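Below: one structure, written as structure tokens.
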């Protein structure tokens with residue numbers, strides 16, 4: 074298709090239609106991902122009771138894989154507060170605690186990552 078526009082009498086109309094069609098499909102895909110992400114966020118927000126839980130839930134949409142230390146640095150909450158809130162999110166199956174490590178565990182928003190990668 075692109076080779077068709079390299080000549081003096083190139084088929085620019087076909088190329089522009091192709092490009093706009095591809096752009097439209099991309100926009101539709103991105104909008105669906107945004108809608109699914111928003112639904113996931115709202116589902117979790119309905120379950121949460123404290124400010125720290127809500128703030129950390131929101132943070133997992135910016136940092137889908139996060140440690141207690143990093144979340145504490147970003148939010149300025151103490152590490153025990155962050156750990157408690159992340160464990161609460163995990164108890165609701167909103168995020169998943171990495172079980173393979175004893176220390177420096179990460180908490181992962183796998184559902185968001187699935188939405189992004191689809």
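In the numbering used here, the protein residues as written are 74 to 191. Glycine included, every Cβ here is placed at the ideal spot set by N, Cα and C. All values reported here derive from a predicted model rather than from experimental measurement.
Segment limits, beta strand (DSSP E) that includes residue i
| i | result |
| --- | --- |
| residue 181 | 179 to 181 |
| residue 133 | Per DSSP, residue 133 belongs to no beta strand (DSSP E) and is neither H nor E. |
| residue 138 | 138 to 140 |
Same chain, Cβ closer than 6 Å to residue i, neighbours up to 5 away in sequence not counted
| i | result |
| --- | --- |
| residue 152 | 141 and 145 |
| residue 117 | 130 and 167 |
| residue 158 | 125, 126 and 129 |
| residue 101 | none |
CB contact flag (residue i, residue j, <9 Å)
| i | j | result |
| --- | --- | --- |
| residue 171 | residue 180 | yes |
| residue 119 | residue 188 | no |
Sheet register partners of residue i (DSSP bridge)
| i | result |
| --- | --- |
| residue 169 | 181 |
Buried or exposed (CB count within 10 angstroms, at least 16 for buried), residue i
| i | result |
| --- | --- |
| residue 130 | buried |
| residue 125 | buried |
| residue 161 | buried |
Residue i beta carbon near the ligand GDP (any heavy atom closer than 8 Å)
| i | result |
| --- | --- |
| residue 150 | Of the ligands one can find in the structure shown there are none, so the ligand GDP has no counterpart to examine. |
Terminal residues of the alpha helix (DSSP H) in which residue i lies
| i | result |
| --- | --- |
| residue 119 | 85 to 120 |
| residue 156 | 152 to 164 |
Beta-carbon proximity list for residue i, same chain, < 8 Å, skipping 5 on both sides
| i | result |
| --- | --- |
| residue 185 | 110, 113, 133, 134 and 137 |
| residue 148 | 125, 128, 129, 132 and 155 |
Cut-off 7 Å between Cβ atoms - residues of its own chain near residue i, not counting five sequence neighbours on either side
| i | result |
| --- | --- |
| residue 150 | 125 |
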